Ligand code: C2E
Ligand code: CA
Ligand code: CA
Ligand code: CA
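Numbering (UniProt numbering), first residue to last: 380 to 656.
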């Protein structure tokens with residue numbers, strides 16, 4: 380009877396069943412990964428389009444599961460947000476990134492590290508305290524971290540987001556608006572926020588040389604940023620043609636496989652040292 384019940388359930392909601400078992404697996408194993416040091420931050424450089432100089436990187440989570448191998452953040456961040464695990468996970472990211480930036484600085488590399496912070500983290504009342512603590516414990520007095528927020532952060536609770544943004548900035552972090560153009564925040568909302576940088580979403584960048592309307596779209600987004608006196612970085616730059624176009628319309632920074640993939644800390648330091656030669 381039990382089996383029959385299960386079959387019926389499967390018939391009606393096979394995908395939901397898969398999703399439940401996946402969440403159970405993630406719940407058990409992502410907690411463990413955090414405790415057992417199976418997580419790592421990779422770093423992807425952002426280049427000044429004018430000079431090619433690198434002064435900052437984005438930190439991106441990687442999970443090496445003994446059971447499944449490398450798991451992409453796309454496959455576990457959503458779960459971490461839903462379950463609340465994103466809070467301790469995000470704390471680990473802050474601490475690790477701050478320590479890494481301090482250690483690069485001690486070895487002569489002056490690099491700022493941007494971390495991704497999701498809406499769920501921003502609505503946790505300890506997020507600013509955790510951030511301040513990560514900086515204090517990093518071994519370097521000033522803040523070497525910046526924060527990438529998505530538009531969903533702003534929609535969920537604008538007042539709360541704004542309060543957190545102000546405090547992060549007081550601590551010395553720049554605020555970057557991630558995936559710009561893909562969300563639902565209005566331009567007037569963006570204009571109200573104290574932002575330092577807008578990240579043009581990869582979907583717009585990769586369409587530059589494919590859809591005729593894309594160039595006009597990207598051009599107008601950059602013009603808006605310029606009006607608001609906010610800098611622009613383009614993500615997912617993969618070809619010289621894209622880079623040339625972005626540079627020609629006044630985009631300040633670029634990030635993407637054309638320059639470098641996200642890589643472990645040591646590899647990034649080697650990449651940067653070789654770049655000047
Ligand atoms: P995102 O913040 O939009 O990050 C950009 C994604 O594009 C990264 O994927 C990066 O590896 C990838 N990328 C960079 N350059 C190129 C390119 O030229 N071409 C292509 N096709 N892709 C490129 P990744 O590392 O898989 O991360 C996916 C998403 O997971 C991130 O999107 C971010 O939303 C989330 N994520 C990653 N790390 C963290 C974290 O520490 N905390 C939180 N809350 N979210 C994170
Ligand atoms: Ca990002
Ligand atoms: Ca992005
Ligand atoms: Ca994205």
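Where is the CB? At the ideal position from N, CA and C, for every residue including glycine.
Remember, it's a predicted structure, so these values are computed and weren't measured experimentally.
Cα-Cα separation, residue 558 to residue 400: In this structure, the CA atom of residue 558 is about 30 Å from the CA atom of residue 400.
Terminal residues of the beta strand (DSSP E) in which residue 642 lies: Neither: residue 642 is in no beta strand (DSSP E) and is coded neither H nor E.
Beta-bridge partners of residue 403, as assigned by DSSP: Assignment of beta-bridge partners to residue 403 by DSSP yields no partner.
Proximity test, residue 495 beta-carbon vs ligand 6 heavy atom, cut-off 7 Å: The model depicted lacks ligand 6 and carries ligand 1, ligand 2, ligand 3 and ligand 4 instead.
Which listed residue (485, 546 and 540) has its alpha carbon closest to that of residue 507: For the residues 485, 546 and 540, the minimum Cα distance to residue 507 belongs to 546.
Residues that DSSP places opposite residue 448 in a beta bridge: Beta-bridge pairing links residue 448 to 444.
4-residue-minimum alpha helix (DSSP H) runs that sit fully inside the stretch 454–491, ordered along the chain: Taking only runs of at least 4 residues, the alpha helix (DSSP H) segments lying wholly in the stretch 454–491 are 456–462 and 465–485.
Burial state of residue 397, where buried means 16 or more other Cβ atoms lie within 10 Å: Looking at its Cβ environment, which holds fewer than 16 other Cβ atoms inside 10 Å, residue 397 is exposed.
Minimum C-alpha distance to residue 419 - residue among 539, 451, 570 and 446: Nearest Cα to residue 419 within the set 539, 451, 570 and 446: 451.
Cα-Cα separation, residue 645 to residue 421: Roughly 10 Å between the two C-alpha positions.
Closer than 7 Å: residue 422 CB and nearest ligand 1 heavy atom: Taking the Cβ of residue 422 as the reference point, every heavy atom of ligand 1 lies at 7 Å or farther away.
Buried/exposed call for residue 432, threshold 16 Cβ in 10 Å: Exposure of residue 432 is indicated by the presence of fewer than 16 other C-beta atoms within 10 angstroms of its C-beta.
Strand pairing of residue 532, partner residues [DSSP]: In the DSSP output, where bridge partners are listed per residue, residue 532 has none listed.
Span separating the alpha-carbon of residue 501 from that of residue 540: Those two C-alpha atoms are separated by around 6 Å.
Where residue 437 sits in the DSSP three-state scheme: It is a strand residue.
Under the three-state DSSP convention, the category residue 616 falls into: When DSSP states are grouped into helix, strand and coil, residue 616 belongs to the coil group.
Start and end residues, alpha helix (DSSP H) containing residue 589: No alpha helix (DSSP H) contains residue 589, which DSSP labels as neither H nor E.
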